[in-house]
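Novice: Numbers in my numbering are just positions in the sequence shown, counted from 1, shifted up by 90. Before we start, here is the structure in question, set down as structure tokens.
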Amino acid sequence: MQHSPKEQGTTALFKNPILEKLARTHISVPLTIYFVGSAVMLYINFSNGYTGVLEGIGIFFFGLIFWTWFEYVMHKHIFHMLPTNKIKERIQYMFHGVHHEYPRDKTRLAMPPAAAIMILTVLFFAFRFTIGTYVFTFLPGFIMGYALYLFVHYSIHAFKPPKNSLNVLWINHSIHHYKDDTIAFGVSTPLWDVIYRTMPKKTYKKRKKPVNKQTAQAA
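Printed below as a string of structure tokens:
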């Protein structure tokens, strides 16, 4: 995927103004939906005694960790799939290419609520079918993992990098956007980049000034 980043502006994905409006969102909207949805599912779980407290906490955190792997796989293999035909090219651009072209467009840093709710509904029934009532603790953890991803991703593009160990998230994502989009697929954690050997090369990180400059552009 090759899109020259534009530090200003945006572009329309749909000619229909209603669809275009639905394709954008403020970060607070999906975060609110996910927090409320997770709280409701956890309430259903514990009020019905589907799991004990410790078991529920364990499954919740397993769901959160599972999200980080899912995030990596989606980013690498779906969002960066090879556009071998016009349909794939269109899908790839709508879901992710537009973000690479306009990385500072804050209205496209999160999946719009309508699409997210539909996808989460499908995931709920898929997990309900496969893991039964454990879905009421697993899916909240999975959703909170996604919420963490949204928060980190938004922060990387909206704010300057912190002066602590977390700045590696800013540096890696800046490299992904401005240097090489075939590496650094993890946003909320570099764990899976380490495991699958897609971490940025040390030569990138040694060039502190260029990378920080690009990071500042992304922030």
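Glycine included, every Cβ here is placed at the ideal spot set by N, Cα and C.
Cα separation between Thr101 and Phe185?
Specialist: Roughly 13 Å separates the two Cα atoms.
Novice: Within a Cβ cutoff of 7 Å, which residues of the same chain sit near Ala113, ignoring the five residues on either side of it in sequence?
Specialist: Correct list, in chain order: Leu103, Phe104 and Pro202.
Novice: Give the straight-line distance between the Cα atoms of Ser128 and Ile265, rounded to the nearest whole angstrom.
Specialist: Taking the straight line from one Cα to the other gives about 33 Å.
Novice: Comparing C-alpha positions only, which one of Leu144, Leu121 and Ile147 sits nearest to Leu238?
Specialist: The shortest C-alpha separation from Leu238 is found at Leu121.
Novice: May I ask you to report which of helix, strand or coil DSSP gives Val258?
Specialist: In this structure, Val258 counts as helix in the three-state DSSP scheme.
Novice: Given 8 Å as the limit, is there contact between the segment 126-142 and the segment 218-235, that is, 3 or more CB pairs closer than that?
Specialist: With the cut-off at 8 Å, the segment 126-142 and the segment 218-235 touch.
Novice: State whether the segment 190-208 contacts the segment 239-249, with contact taken as three or more CB pairs (one from each stretch) at a distance under 8 Å.
Specialist: The segment 190-208 vs the segment 239-249: in contact.
Novice: Does the Cβ of His167 have 16 or more other Cβ atoms within 10 Å, making it buried, or fewer, making it exposed?
Specialist: His167 should be labelled exposed.
Novice: With three or more C-beta pairs closer than 8 Å as the rule, is the segment 280-287 touching the segment 151-163?
Specialist: Judged by Cβ distances under 8 Å, the segment 151-163 makes contact with the segment 280-287, as three or more pairs qualify.
Novice: Within 10 angstroms of its Cβ, does Lys298 collect 16 or more other Cβ (buried), or is it exposed?
Specialist: In this predicted model, Lys298 has a pLDDT of only 49, less than 50, meaning its place in the structure is not dependable; the value taken from the coordinates is given anyway. Under this definition Lys298 is an exposed residue.
Novice: Helix, strand or coil for Tyr224, going by three-state DSSP, please let me know.
Specialist: Tyr224 falls in the helix class under three-state DSSP.
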